[in-house]
Structure formats: structure tokens, C-alpha cells
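Written out below as C-alpha cells is the structure these notes cover.
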Amino acid sequence: SNYKKLMFFLSLILSSGSIAIQLFLLASPLVQRYCYKGNSNLAHIFVPGSVKTEANIKQAAARKINALVKNARDVHGDTNEANASFGQGLINFSLQEKNVEKAGGFLWTWKRIFNGELLTVEGIWISARIWAGNLAQVLISLFIIVFGVVRT
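The working numbering numbers the first residue of the sequence shown as 4 and each following residue consecutively.
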């Protein structure tokens, strides 16, 4: 029957996809070790996601440390004079108060999630459990709205 044919082709497609993914995961360490040597595009495909995430977090940490040092140099100046005082640092800090960076908010956060800056620039990694919980909330809300409209 048509149903059996459909199920056969569907299971064939899903199993082929599963086998392809397993072969990709099996071959990726070998490809990383022996084949790409200098070809960064090929290497990027076979690098696990956890390695990319760790690199992004380290890049964000380096950016934050550089910004911290730059701000400290702006406040205290570039000189290493012995007569530099705490009071002068406070005066310089108050002069820097107009140099602000807008952060936070609903749209700000979602924009950075979608363009990847939340991880690479801010160093904020969102756990898979949070994503799963968020997706479950959205699906349950849609279910309640759809069936609530149908029932009333």
C-alpha cells in the first residue's frame, strides 16, 4: 500500500541521515589529524562545537581584559609617576562617565543571540538546558493558545 511505501522511504531517509552523521563524527578526528594541514576552511567544518565555544569564550575574555586595562589606563593615565594620587584617579573617572556602552534589554539580548555576539563579544554562553526549557515554554504556550481558541 501507499502507506507502507511512504514509511519505507521515510525510514530509509532517516536511517541514511543517521549513518551519514555517525560516519562524519567517526571520520572527523582522522580528517583533523591528517588531511587539512593548512586548509582552515576544511578544518573549521570538522572542529567540534565545544572547541568553537571554548575559543569564543576565551576570545571574549581577552576582549574584556583588554577593555579593563584600557579603561584603567584612561582613568590613571599612561605615566608611572610616584606622585599619581587616588584623588586624581577619581577625577579622571568622573570625566570618563559619559563613555558608556549600552547593554541589556530584551531586543539587545535577542539581537546578540542571533548574530553570535552574545558569546563572542560578551562571553555569555546559554546552556542547552535553558534552550530546551525556553522551547518547552513556547510550545506549551502555543498549545494552550491554539486549543484555548478552538475550545472557546
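Note that the Cβ used here is the ideal one computed from N, Cα and C, for glycine as well. Owing to the predicted nature of the structure, the values given are computational and were not obtained by experimental measurement.
Would you mind stating whether residue i and residue j have Cβ atoms separated by less than 8 Å?
| i | j | result |
| --- | --- | --- |
| Gly119 | Ile60 | no |
| Gly92 | His79 | yes |
Reducing DSSP to helix, strand and coil, say where residue i ends up.
| i | result |
| --- | --- |
| Pro51 | coil |
| Ala63 | helix |
| Glu57 | helix |
| Lys105 | coil |
| Thr155 | coil |
| Glu125 | coil |
| Ser130 | coil |
| Gly119 | coil |
| Gln99 | coil |
| Ser144 | helix |
| Ser14 | helix |
| Ser19 | helix |
| Ser31 | helix |
In or out: residue i buried (at least 16 other Cβ within 10 Å) or exposed?
| i | result |
| --- | --- |
| Leu17 | exposed |
| Leu121 | buried |
Shorter than 8 Å from the beta carbon of residue i to some beta carbon of chain D?
| i | result |
| --- | --- |
| Phe109 | Among the chains of the structure shown, chain D does not appear; only one protein chain is present. |
Contact between the segment 123–141 and the segment 59–79: three or more CB pairs below 8 Å?
yes
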